[in-house]
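Remarks on the structure that follows.
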Amino acid sequence: MSGNTDLIEALQTLEEEALQAVASAAESDQLEALRIQYLGRREGRISGILRGLGGLSPKERPAVGAEANRVKARVQEALEARIASLEAGSGADDIGDVDLTMPGALPWRGGRHPVTQVIDELWAIFRSLGFTRARGPEVETDWYNFVALNTPLDHPAVDEADTLYLKNGLLLRTHTSPVQIRIMEAHEPPIRIIAPGMVYRRDTPDATHTPGFFQLEGLVVDEGITFIDFKATLAEFARRFWGPGTEVRFRPGFFPFTEPSAEVDVKRVITLPDGTTEETDWLEIMGAGMVDPAVLENVGYDSERYTGFAFGMGPARIAALKYGVRDIRVFFENDIRFLNQFAQP
Amino acid sequence: MNISFQWLKALLPGLTESPEEIGETLALRGAPLEDLAYLAPGLDGVVVGKVESVDRHPDADRLTVCLVDTGSDSVQVVCGAPNVQAGECYPYAPAGVTLPNGMTLKAVTIRGVESNGMLCSEAELDLGPDADGIMALPGDLEPGTALAPALGLDDWLLDVEVTPNRGDLLSHSGVAREVAHSGSGEVTLPPVPGSRGNPWAETEDDTSLTSGPGGSSEATVPVHTAESEASGGGVTVRIEDPERCSRYLGAVIRGVKVGPSPAWLASRIRAVGSRPINNVVDATNYVLMELGQPLHAFDLAKLGGSAIVVRTARDGERIRTLDGEDRKLESEMLAICDASEPVAIAGVMGGADSEVSSETTDILLECALFDPKSVRATRNALGMSTDASYRFERGVDPEGMELAVRRAVEIILATAGGVPDPAVLDACPRPWAGLSVSMRPSRVKTLLGITLSKAEIQDLLSPLGYQVINGSEADDSLTFAVPGFRSYDTLREVDLLEEVARTYGYDRFPADLGPFRPGTVPDHPLFRLEDDLRDLLVGEGFLEAQNMAFSPEAEGVVEVSNPVSKEEAWLRTRILPGLVRRVEYNLARGVRDIRLFELGTVFQAGAATEDANKGPGEPPVAPEEEARVALAVTGARSPIHWRGEPLDVDLWYLKGLLGRLGACARVKGLGVEPGAPAGAPVVEGEGFTLVGEGGQAVGFAGSLEPGNVDAPAWAGPVWILEISLPAEPSPRPVPLYKPPPAFPGVDRDLALLLPRGMAAQRVESVIRETAGPLLVDLAVFDLYEGEGIPDGHRSVAFRLRYQSGERTLTDQDVEQSVTAVVDRLREELGVEKRG
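What follows is the structure, given as C-alpha cells:
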C-alpha cells in the first residue's frame, strides 16, 4: 500500500510543479522544454513513474496507472492551453512595471473647413501652373459686377444672377468675376491669377443652393493666348484635381463676359468600396471661356493685341462631389461631428 | 424650353436620333437638357374605346353596363362613372393592363355582371386631376387605336436649357435647326391637317409673304399703307412709338367658328405641357411654340373703332389682363390700344375684354415686333413673365413675321373656318434692313489657335444660316449676312468666331499645354496670412467654421434691401455672434468641448472717399470691408485622459493665444493689454485687448458674458477672441540668422515682493531695461501669496537667463547684473527681493 501512496503523492507533487512551470513559461521554447521534461517518452518524469509501474503489484498498478494518466493528461492540457494563450496573446501579459498599452495623451484634432481644403487643393494645382491669388471687395458696384463684364443691366442674364442689393444701391457681388476687372485695371498683362472668395445670390437655401457661397475665379490675359491654351490649362487642372483617367469635356455655354464661352464637364473613374471601379456621369464643374474683347476694352487693354481666358467654379459644389455630400447646407452648419470628419489625422 | 420629340420629328422628317441622342447633340451645341421624360409612362395597352350602348346595371343603381367597341371586338364593361354616354369615346383599359397606380386589371364579375376591363378617368391614367368621371376623348378617334399616340402622348418632353443669348432656340423650329446641323436634313414645316391653303399665296400681287424660316432679308413685303399706319376692310393699325414697335402685322379673319381644337392641334399643345383652350388661341400658341413668334388674337368686335394703336400708356390707364388681374399701366409702358383704351400690354399679355370667346366671329391676329428692352422693362415693372415676353426679351426673328402670320391663318382657317380679308395690314415704320457682320479669318488663328481657310469658315457658318456677302481670296475679310433669328447676338466679329468654334466642335481643338509667361500680379499677402492663422489654430486643435455674412439688425450697420430672410437682412460687423450661434448649435447637440474658428469679412459703415468707381452717376459710399479671424472655445484643452482631468480652457490660454495670433497676423506695434475694449461682450475682469500701432485696439479676447450665449447648465464658460487683419499685411518677417550661443547660459531665479496694485509687467520692464545685454530670456515661473509674505504683497518669481556669444559667463558677470536689477527695483518701484 505504501509504495502505492508514495507514488500517487509523488505524481501529485509533480503535477503541481509542472503546472506552475507551465503557467510561468512565457515562450514556446520554454514550453517545449517543459514538455520534454515532464512528458518526454524517454526522460520525462511522469513517463519515468509510469515505467516504474512494473515494480508494483498487479493490484496496485491500476490505481497508480490511472493517476499517472490523469496527471499526464492534465499537464498536456495545461501545456496546450498555454501555447494557445501565448499565440493569442491573451491572458497574463508581460507588461513590465508600466502598462504601455494604456492610451497615449493626445491633443485635440484641428482641421480646415472641407471647403477650405478644396480651395487649398485648387490653389496648389493652379500655383504649380503659374497662377497667383488675387482678391477684391464683396460689396460691388453695378459697373464691376455687370457692366464692365459686358452685361448691360437690362440684359436677361442679369435675372439669372438674382442680385442682393444694399439700401444704397450697391450690391453683393454675384460672382468673383469683378476681381477680373479690378486686377486688369491695376496691372498690365501678362495676367495669370485665381481669385477665391465669397459671393452672394438671392437663392432660397436648398440642397444645392445657399445665398452665400465660395467661388474661385481664374483669369489669364497675354499676347497669343488662344482657345487651345484655354482648353489645355483647364483640362490639365481637371485631370490633376480629379485624378488620372478623368475625361474632360468642353461644350458651348453662355457668359456675357466670355466669347466663346464653355461649360466644362468631367467624367470620373471612381473606386467603389469593393475595389471595383465605376465611371460617373458627366459632372458640370465650371463655366469658362475666352475673355470677351469688350471686357478687355473696358479696362483699357488693347483687345487686338491681348487675348485671354477666364473661368469660375464653386468649391462647395466640388467638395460636395468629392466627399459625397448631398446637401451643401451642411457646410454652413459647422457641426463639430461633421467638421471632425475632415480634421487632421 | 419644352420641346416635344414628335413635333421635332415632324419638322425634321430625316431625324433618326433618339431623344437621348438629341440631348447629347444639343448639349454639345450649347443647349443641354435639364430633363427628359416620356409623357405617358402608364398608358401601355390602353386604347380608345367607343361606347356603343349604355344599360342600367340590373342590381346596382349607380352602375351601368356598357358595350364598348375596342376596335377588334365588342366587350361588356361595368362602369360607375356618371358621365358615360353611348356614342362617345373614352380610354379603355382591357384586362391585363397595369394602370399608373400599379393596379393590374382582371376580368371580374360585379354584382353578377361580367366586366372586362375598365373605362378610365384622367386621374386613373395620371393624365390630369379629374377623377369625377371618365375622360371624354375627341370623337374623331378610331376605336382601338392606342391611347398614347391618339392623344399625342406617345412622346418625350425635352426640357432644353436655353441660355439668354439664344432666343432663337425658344421654338421647335429653332431647336430643329440646331439638331439639323448634325445631319438630320432640312427643317420643313409639317402640313396643316385639313388645310384650305394659304389665301395670300395664291394671288399674284400678294405672294410676297416669304416662306420658310430664315428667309432672306432681301424679300420685300407689301407695305399696304403709309409707313406707320395701315388700314383696310374698315380696320386701322397705327404705330405711334416706332422706337419700341418697328412693325405690326394685322390679319383679319371674319366668320370664324370658335370651338375645341381638333385632336392633332390639342395634342401638340398638350405635348409641350400646356392646356388646349380653343382653336383660335391654340393656333396662336402653336405658332409660338413652332416658330417662336408670339401672336395674339383679338375679338375684332371688341376693338373700339376697329382700330389698333400702338402707343405708350397714359399714366393711370388700367387693363384687366387675360389672367384676370387688374393692372395699372405707367407712361413708360408700351400698350396696344383700340381707339380709346389699352387692349393688351405690348409683348406681354392680352386684355380680357377683347379675348377671343365662343361668341367671337371676327378676329384680328396680331404679329408684331417689339423692342426687347422695352418688353423687359414693362414686364419687370408689372412683376410678370409670359411665354411672349420671355421671347421678346431674348429677341424675336424680324424675318419670320410673315411666315408666322401665314402659318397661324392657315391653321385658323383649317380649324375654325372663316374668310380672311384680302390683305394683311402691315404698319412698318422701321423696316428690317438686314444685318451683316464682317470678320477677319486671321483672327481665327489669333483667338482660337487653329488655321481655317475662308472656304472652311464659310462651310462652318452657312448651315447655320449665315450667308457670305463678300470675301475675295485676297484680303483678310469675310462678310456674312446674319439670319434674322441670330440678329440679336451675332453683332461683332467675335460673335462669328464663337459660331466658328461652336460649329467646328470644341472637342476637336487640341489641348496641348504650351509655355506661358509669369503674371505681373503678386500673390495677395492676405491669403498667406490667413493660411498662417489657419495653420496655427488647426495645430491648436481648432476646427474651421464657415458662416455667411448675413446677420440680424442688431449686429449690422449695412442693410440688404432685398434679403433672402427678413431676420438676417444685414451684413455682420463682427464674426463672433454668428460663430457663437454655431457654438450654441453644437452645445444643443450635447457636444461639450468646442473649438471653432472662422476667417471672414465684416462690413462697417463706410466713409465717403474718392473711390474711382466708374460707371454713370456718383458712386454710393461702399461699406468698409475688413478681414478678421475669430474663435470661440469651450470645455477642455485636451481630450480626457486616464492620468487625470485635462485642464479647461482659461483666461491665460486665451491671453497666450491672443498674443500669438496677433503676432501671426503681423499686427504692428503689438501689445496685449488687460481689460477688453468697451462694448466687447466679455465678463468684467476676464478680458484682454490686442493693441497695434499707436495703441489702437485691433482685437480682444475674454470670457463671453453668459447672457450672450444660450447654453445648457452643464456647459462651461465660452471663451471668445476676434482680431482685425491688416488689409495690406506687411510681408512675413524674415528671421535674421544669429549663430546659436556657443557658451553655456546661466539661470538666476529672483523672487520679488510686489506691493498691492503693482503690475508684474512694470517689474518685468524694469528688469529688461536694467539687466543689460547679457539677459537673453525672462519668464515668470511662480506666483505666491500667504504665509511668509508680508501683508499686502505677493511674491512673483522670475527666471533670468544670462548668456554671452563670446565667452563663458562668470558668477561675477551675473551677480553684477542681478544686483543692479535688485537695486533699481527697490529704488524705482519699492520692490524688495523676497528674503
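Taken in order, these protein sequences are the chains called U and E. Its first residue numbered 202, the first sequence is counted upward by one per residue in my numbering. Its first residue numbered -14, the second sequence is counted upward by one per residue in my numbering. Glycine is no exception: its CB is placed at the ideal position from the N, C-alpha and C atoms. All figures in this text were calculated on a predicted structure; none of them were measured in a lab.
Alpha helix (DSSP H) segment containing residue i, residue limits
i, result
"residue 570 of chain E", "561 to 572"
"residue 363 of chain E", "357 to 367"
"residue 108 of chain E", "Careful: residue 108 of chain E lies outside any alpha helix (DSSP H) and carries neither H nor E."
"residue 88 of chain E", "Segment: none, residue 88 of chain E is in no alpha helix (DSSP H) and carries neither H nor E."
"residue 533 of chain U", "531 to 534"
Endpoints, the beta strand (DSSP E) within which residue i is located
i, result
"residue 23 of chain E", "18 to 23"
"residue 344 of chain U", "That residue, residue 344 of chain U, is in no beta strand (DSSP E); its alpha helix (DSSP H) goes 343 to 346."
"residue 217 of chain E", "214 to 217"
"residue 397 of chain U", "392 to 401"
"residue 383 of chain E", "It is not in any beta strand (DSSP E) - residue 383 of chain E carries neither H nor E in the DSSP assignment."
"residue 465 of chain E", "463 to 467"
Partners in chain E for residue i, counting only beta-carbon separations shorter than 7 Å
i, result
"residue 314 of chain U", "529, 530 and 531"
"residue 523 of chain U", "Chain E residues near residue 523 of chain U: none, gap ~16 Å exceeds 7 Å."
Between the CA atoms of residue j and residue i - distance to the nearest angstrom
i, j, result
"residue 99 of chain E", "residue 246 of chain E", "37 Å"
"residue 322 of chain U", "residue 479 of chain U", "24 Å"
"residue 73 of chain E", "residue 114 of chain E", "21 Å"
"residue 190 of chain E", "residue 419 of chain E", "For residue 190 of chain E, the predicted structure reports a pLDDT of 38, less than 50, and the residue's modelled location is therefore unreliable. A value from the coordinates is still provided. Each residue's alpha carbon lies about 24 Å from the other."
"residue 3 of chain E", "residue 328 of chain E", "44 Å"
"residue 755 of chain E", "residue 802 of chain E", "8 Å"
"residue 765 of chain E", "residue 819 of chain E", "15 Å"
"residue 796 of chain E", "residue 737 of chain E", "21 Å"
"residue 206 of chain E", "residue 268 of chain E", "With a pLDDT of only 41 at residue 206 of chain E, under 50, the local geometry of the prediction cannot be trusted, and the value read off the model is given with reservation. Looking at the two C-alpha atoms, the distance is approximately 23 Å."
"residue 18 of chain E", "residue 11 of chain E", "7 Å"
"residue 535 of chain U", "residue 313 of chain U", "11 Å"
"residue 200 of chain E", "residue 370 of chain U", "Below a pLDDT of 50, predicted positions are generally treated as unreliable, and residue 200 of chain E, at 35, falls in that range; no measurement from the model is reported."
"residue 314 of chain E", "residue 304 of chain E", "8 Å"
"residue 251 of chain U", "residue 281 of chain U", "21 Å"
"residue 243 of chain E", "residue 342 of chain E", "7 Å"
"residue 352 of chain U", "residue 454 of chain U", "15 Å"
"residue 638 of chain E", "residue 783 of chain E", "20 Å"
"residue 610 of chain E", "residue 592 of chain E", "11 Å"
"residue 569 of chain E", "residue 579 of chain E", "10 Å"
"residue 188 of chain E", "residue 181 of chain E", "Because the pLDDT at residue 188 of chain E is just 39, under 50, the model does not fix this residue reliably, and the point stays unresolved."
"residue 512 of chain E", "residue 397 of chain U", "10 Å"
Chain E contact residues for residue i, given Cβ-Cβ distances below 8 Å
i, result
"residue 294 of chain U", "Result: empty, since nearest Cβ-Cβ is about 17 Å, beyond 8 Å."
"residue 463 of chain U", "491"
"residue 331 of chain U", "501, 503 and 504"
"residue 460 of chain U", "479, 480, 482 and 483"
Neighbouring residues, chain U, relative to residue i (Cβ below 7 Å)
i, result
"residue 546 of chain E", "366, 367 and 368"
"residue 495 of chain E", "429"
"residue 526 of chain E", "308, 309, 310 and 311"
Partner residues on chain U for residue i, Cβ-Cβ distance less than 9 Å
i, result
"residue 571 of chain E", "535, 536, 537 and 538"
"residue 431 of chain E", "425, 427, 505 and 508"
Under 9 Å from the C-beta of residue i: neighbouring residues of chain E
i, result
"residue 516 of chain U", "In chain order: nothing, as chain E lies at least about 10 Å away."
Residue i: contacting residues in chain U (beta-carbon distance under 8 Å)
i, result
"residue 509 of chain E", "333, 334, 335 and 336"
Which residue spans inside the stretch 747 to 804 of chain E form an unbroken beta strand (DSSP E) run of at least 3? 760 to 769 and 778 to 787
For the stretch 128 to 180 of chain E, list the beta strand (DSSP E) runs that are entirely contained and at least 3 residues long, ordered along the chain. 141 to 145
I want to know whether the stretch 533 to 544 of chain E touches the stretch 670 to 688 of chain E - three or more CB-CB distances under 8 Å. no
Between the stretch 425 to 436 of chain U and the stretch 459 to 473 of chain E, can you find at least three pairs of beta-carbon atoms closer than 8 Å? no
Would you check if there are 3 or more beta carbon pairs closer than 8 Å linking the stretch 150 to 168 of chain E to the stretch 47 to 67 of chain E? no
With three or more C-beta pairs closer than 8 Å as the rule, is the stretch 432 to 449 of chain U touching the stretch 405 to 416 of chain U? no
Check whether the stretch 468 to 483 of chain U and the stretch 493 to 504 of chain U touch, using three or more Cβ-Cβ pairs below 8 Å as the test. no
With a cut-off of 8 Å, do at least 3 Cβ pairs link the stretch 90 to 97 of chain E to the stretch 126 to 146 of chain E? Output reads no: the stretch 126 to 146 of chain E does not touch the stretch 90 to 97 of chain E.
Give, in chain order, every unbroken run of the alpha helix (DSSP H) that is at least 4 residues long and sits entirely within the stretch 615 to 649 of chain E. 636 to 649
Could you tell me which whole beta strand (DSSP E) segments of length 3 or greater appear in the stretch 285 to 334 of chain E? 292 to 297, 303 to 305, 311 to 313, 319 to 322 and 327 to 330
Could you say if the stretch 770 to 786 of chain E and the stretch 701 to 709 of chain E meet the contact criterion of at least three C-beta pairs nearer than 8 Å? With a cut-off of 8 Å, the stretch 701 to 709 of chain E and the stretch 770 to 786 of chain E do not count as touching, because too few Cβ pairs lie within range.
Is it the case that the stretch 108 to 122 of chain E contacts the stretch 70 to 90 of chain E, given that we only count it when at least three CB pairs across the two stretches are under 8 Å? yes
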